[in-house]
Amino acid sequence: MADYSLVFLGVAAFAVFFVALAKAGFGGMIGSLAMPLVASVSDILTAISVLLPTYVVMDLIVAWTYRKTVPFGFVLPMALSGIAGVFLAAIVFRLVETNYLAIFLGVMSLIIGGKFFVQRAHNGQKIIPVPDPTVRNWPRIIGLNGASGFTSFFLMGEAPIQLFMLPFRLAPQVYVAVLVWFFAIINWTKIPIVLAMGIVTIDSLWVSLMLLPIMPLGIMFGKYISSRLPKEPFYVVVHVLLIILGIYLVLNAVRQISGASLG
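Heads up: the sequence shown at position 1 corresponds to 1 in our numbering, and the numbers run straight through without jumps.
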């Protein structure tokens, strides 16, 4: 049984609040902070078991909100590729020791954080032609959306899908709707998988249930401040934290692997 200490519950509550905040208006990849944050005070298995059910509930609510905006013909091949990535991630999760998965999670955090600052430094210096959304570039669809499904198994799947979507320059409402429905579909796909793997248990579901009341608070607060606070400084702080957490997860996992090998 996992140790749900007060520190863990506090960090998990903040993570759920943060994801709700992201879905309420800040968007981007700030929700990626939740998983490494919770994993830093527990482990990947516990973080997934507690956070995934809250993600599923949030996805269901937000997907219903965007049901009239989403272009299903565009989303369906993306989602099918993402589902394939989820199944591959589940196999890897079974085969790879958790400390190596922690290193993978830490490296992902570093990439997302570093990519933000690289793009910020080169913003506006490169003009990229807009592709036609009706033309199916299957290598890009399968590769990037499959990678997003794979990484989303560790609750950090937004980086590859945003690489896929950004060149299309979709209208903001459509862009958000595609993201919401993509993750709603693949997160619901994960439920029977994580139940069969024993990742989500009755104990972890009780903890997730305790955290659910924080979700509407995060959504309401996000809506309130999204039009009142400048987003750029907020994004900078979030991505700095992602880099710090990434370094911590990598170093901590390496230390544990070294300690185990010496022992």
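Note that the Cβ used here is the ideal one computed from N, Cα and C, for glycine as well.
Since the structure is predicted, the reported quantities are computational estimates derived from the model, not experimental observations.
Whether residue i touches residue j by CB criterion (8 Å)
i      : j      : result
ASP59  : ALA184 : yes
LEU39  : LEU249 : Reading off the sequence shown, one finds Ala at residue 39, where the question assumed Leu. Against a cut-off of 8 Å, the Cβ pair of LEU249 and ALA39 comes out as a contact.
LEU88  : ASN187 : no
VAL207 : VAL56  : no
ASN99  : ILE202 : no
GLY113 : HIS239 : yes
VAL178 : MET197 : no
ALA84  : GLY146 : yes
PRO77  : ARG136 : yes
ALA102 : ILE44  : yes
Separation of residue j from residue i, as counted between CA atoms
i      : j      : result
PHE116 : GLY106 : 16 Å
ALA13  : ALA79  : 29 Å
ASP3   : PHE154 : 20 Å
TRP64  : TRP181 : 9 Å
MET215 : ALA20  : 6 Å
VAL200 : VAL194 : 6 Å
ILE243 : PHE168 : 28 Å
ALA171 : ARG140 : 21 Å
LEU251 : ALA34  : 19 Å
VAL176 : GLY10  : 29 Å
PRO233 : HIS122 : 17 Å
TYR235 : GLY222 : 14 Å
ARG94  : ILE48  : 14 Å
ILE127 : LEU163 : Confidence in ILE127 is poor, its pLDDT being 46 and thus under 50, which makes the residue's placement unreliable; the coordinate value appears in the next sentence. Near 15 Å, if we compare the C-alpha coordinates of LEU163 and ILE127.
Nearest-angstrom beta carbon gap, residue j and residue i [assumed within contact, 8 Å]
i      : j      : result
SER152 : VAL86  : 7 Å
GLY73  : GLY149 : GLY73 to GLY149, Cβ: 19 Å. No contact.
VAL246 : PRO36  : Per the sequence presented here, residue 246 reads as Gly, with Val not at that position. Right, their Cβ atoms sit about 7 Å apart.
LEU211 : VAL16  : 5 Å
PHE18  : VAL41  : About 14 Å; that fails the 8 Å criterion.
If you scan the stretch 158–184 from start to end, which runs of the alpha helix (DSSP H) of 4 or more residues do you find wholly inside it? 158–165
In chain order, each alpha helix (DSSP H) run of at least 4 residues that lies wholly inside the stretch 65–119: 72–95
4-residue-minimum alpha helix (DSSP H) runs that sit fully inside the stretch 184–246, ordered along the chain: Taking only runs of at least 4 residues, the alpha helix (DSSP H) segments lying wholly in the stretch 184–246 are 202–211 and 214–226.
At what residue ranges does the stretch 27–57 contain a whole run of the alpha helix (DSSP H), taking only runs of 4 or more? 34–39
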